[in-house]
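In UniProt numbering, the protein residues as written are 1 to 477.
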């Protein structure tokens, strides 16, 4: 390790310790920015990741006082365990029984909102200073005749977006509604995910009561092994759960760290803590799908023409998702897209040894460096969720490889897309045949058919042609 690296690591640890001392707001912000390698040095991201660990819990007697004050009645539970089940920066969780049903009760720490108000006032002041410094730096570079150092960044936007989600996180009524909305988004997806039921009659802004589901942390290898679960299949389910949110429903659990993503004895994934949830714009979801299709939908040995076409798809997806800066160098973005297409193909064929995540990270940094990409603020939470999910999936499967793990889910999306397009074409052709039949029977001028028998034959032929095309497409995939 060089002297510079040592100094960076020491400074990163100092920042982390400072955030711990400053309390819940800064701890949560540190957790949020621990995944922003586009904004922070990797050493800082690594140091901030340790903020996911629990902070000291308050006593059981104090918790009972807070509960009775918040609910306005003596404890309504049949029983209540004073020993915390889990603790975190904003509150702690206790087991209880409510009307004969095992529940988990989350109690918020006292005085959080006032603390947030004060802290975010100071944070926004710091962001204004950061924006002024960056704008001044860019002016100096332009005066020197140099290229832009990085894409335009609005630190105030990052702060405001973080504040929005963090204020929502300390409203437990909102969290309960988020959990219900997330559960609703799973309907019809065939997902193996379970969301605990919310007991709204014993839920307030600072107390959340949810169904208790027996489960263990994904990262507790001993307990997972004791359950006899297939860790390879479980790793795949973890990643598929994230891909479903990103590429299908657009309803994103923003904080799926190991404490919030567990598994039942039957192998179902249980998600907890919906305080930080975001609904991605459909343009972002469609853009991410376009990127995934461009990288993975093609032949094992793509021609130069195919690489160019798929590289264009990656660039268009980045633009649709809102990742491109207003004055982005699209030629540079397209070339990076083509490189990634070739890299994915090479890795599938065993010709590339570089880790996919590392390669994508490197290419994104190169685009950031030339000012081509400007990540939207929502990307903060997408990146954070992916970092957590990727880490959990890797811990469950030693031979985990991102490209290989992503292929089944994306492959099914591609197949569904082809089926949908084929159905639309078939329906259009059959409607056209129906129109010809009606026009022919009516004796209209210019009608291409003159009898119902001819129309039926043409319609049957069109349907058969579409069906054969679908079979050939499926065989070629």
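Glycine included, C-beta positions come from ideal geometry on N, C-alpha and C.
For residue i, the first and last residue of its enclosing alpha helix (DSSP H)
i: residue 261; result: Segment 261-263 is the beta strand (DSSP E) holding residue 261; no alpha helix (DSSP H) there.
i: residue 335; result: 330-348
i: residue 168; result: 155-169
i: residue 71; result: 60-71
i: residue 45; result: 42-49
i: residue 298; result: It is not in any alpha helix (DSSP H) - residue 298 carries neither H nor E in the DSSP assignment.
i: residue 176; result: 172-185
i: residue 1; result: No alpha helix (DSSP H) contains residue 1, which DSSP labels as neither H nor E.
i: residue 231; result: 231-244
Separation of residue j from residue i, as counted between CA atoms
i: residue 193; j: residue 323; result: 30 Å
i: residue 225; j: residue 395; result: 13 Å
i: residue 404; j: residue 293; result: 14 Å
i: residue 4; j: residue 110; result: 41 Å
i: residue 179; j: residue 103; result: 15 Å
i: residue 58; j: residue 71; result: 18 Å
i: residue 253; j: residue 276; result: 7 Å
i: residue 327; j: residue 390; result: 32 Å
i: residue 269; j: residue 190; result: 13 Å
i: residue 42; j: residue 380; result: 15 Å
i: residue 1; j: residue 132; result: 34 Å
i: residue 151; j: residue 366; result: Any reading at residue 151 must be qualified, since the residue scores a pLDDT of 47, below 50, and its modelled position is unreliable; the value itself is stated next. Spanning the two alpha carbons is a distance of roughly 11 Å.
i: residue 414; j: residue 344; result: 17 Å
i: residue 300; j: residue 31; result: 39 Å
i: residue 214; j: residue 227; result: 12 Å
i: residue 450; j: residue 431; result: Annotation note: pLDDT 47 at residue 450 (below 50); position unreliable, no value reported.
i: residue 167; j: residue 114; result: 11 Å
i: residue 54; j: residue 187; result: Low confidence applies here, because residue 54 scores a pLDDT of 48, under 50, leaving its location unreliable; read the following figure in that light. Rounded to the nearest angstrom, the two C-alpha atoms are 33 Å apart.
i: residue 397; j: residue 278; result: 29 Å
i: residue 149; j: residue 177; result: For residue 149, the predicted structure reports a pLDDT of 48, less than 50, and the residue's modelled location is therefore unreliable. The matter cannot be settled from this model.
i: residue 408; j: residue 304; result: 25 Å
i: residue 119; j: residue 306; result: 52 Å
Terminal residues of the beta strand (DSSP E) in which residue i lies
i: residue 95; result: 91-98
i: residue 399; result: No beta strand (DSSP E) holds residue 399; DSSP gives it neither H nor E.
Whole-angstrom C-beta distance between residue j and residue i, which should lie under 8 Å
i: residue 197; j: residue 210; result: 7 Å
i: residue 290; j: residue 266; result: Rounded, the Cβ-Cβ distance is 36 Å, inconsistent with contact.
i: residue 216; j: residue 262; result: 6 Å
i: residue 66; j: residue 107; result: 6 Å
i: residue 117; j: residue 96; result: With 8 Å as the limit, residue 117 and residue 96 do not qualify as a contact, their Cβ atoms being about 31 Å apart.
i: residue 170; j: residue 90; result: 6 Å
i: residue 7; j: residue 48; result: Incorrect: roughly 17 Å between the Cβ atoms, too far for contact.
i: residue 19; j: residue 27; result: 6 Å
i: residue 51; j: residue 34; result: 7 Å
i: residue 333; j: residue 320; result: Not really, about 13 Å apart at Cβ, beyond 8 Å.
i: residue 259; j: residue 86; result: 6 Å
One or two residues paired with residue i in a DSSP bridge
i: residue 79; result: 97
i: residue 210; result: 104, 198
i: residue 269; result: 193, 263
i: residue 251; result: 279
i: residue 311; result: Partner(s): none; residue 311 has no beta bridge.
i: residue 110; result: According to DSSP, which records beta bridges pairwise, residue 110 is partnered with nothing at all.
i: residue 373; result: 324
i: residue 87; result: 92
i: residue 217; result: 262
Spatially closest choice to residue i from the options, by CA coordinates
i: residue 399; options: 235, 343, 407, 409; result: 235
i: residue 245; options: 293, 50, 91, 288; result: 288
i: residue 250; options: 161, 113, 222, 280; result: 280
i: residue 84; options: 243, 78, 62; result: 62
i: residue 386; options: 243, 307, 366, 362; result: 243
i: residue 207; options: 166, 21, 174; result: 174
i: residue 202; options: 415, 25, 402, 69; result: 69
i: residue 92; options: 73, 77, 60; result: 60
i: residue 233; options: 45, 64, 25, 393; result: 393
i: residue 355; options: 402, 301, 278; result: 402
i: residue 525; options: 307, 220, 317, 258; result: The structure shown does not extend to residue 525, since the chain is modelled only from 1 through 477, so no value can be given for it.
i: residue 329; options: 428, 44, 373; result: 373
i: residue 100; options: 346, 273, 199; result: 199
i: residue 532; options: 286, 264, 257; result: Since the first residue of the chain shown is 1 and the last is 477, residue 532 is not available in this structure.
i: residue 382; options: 350, 204, 161; result: 161
Residue i: CB within 7 Å of a non-hydrogen atom of the ligand GTP
i: residue 318; result: As presented, the structure is devoid of all ligands, the ligand GTP included, so that no description of it is given.
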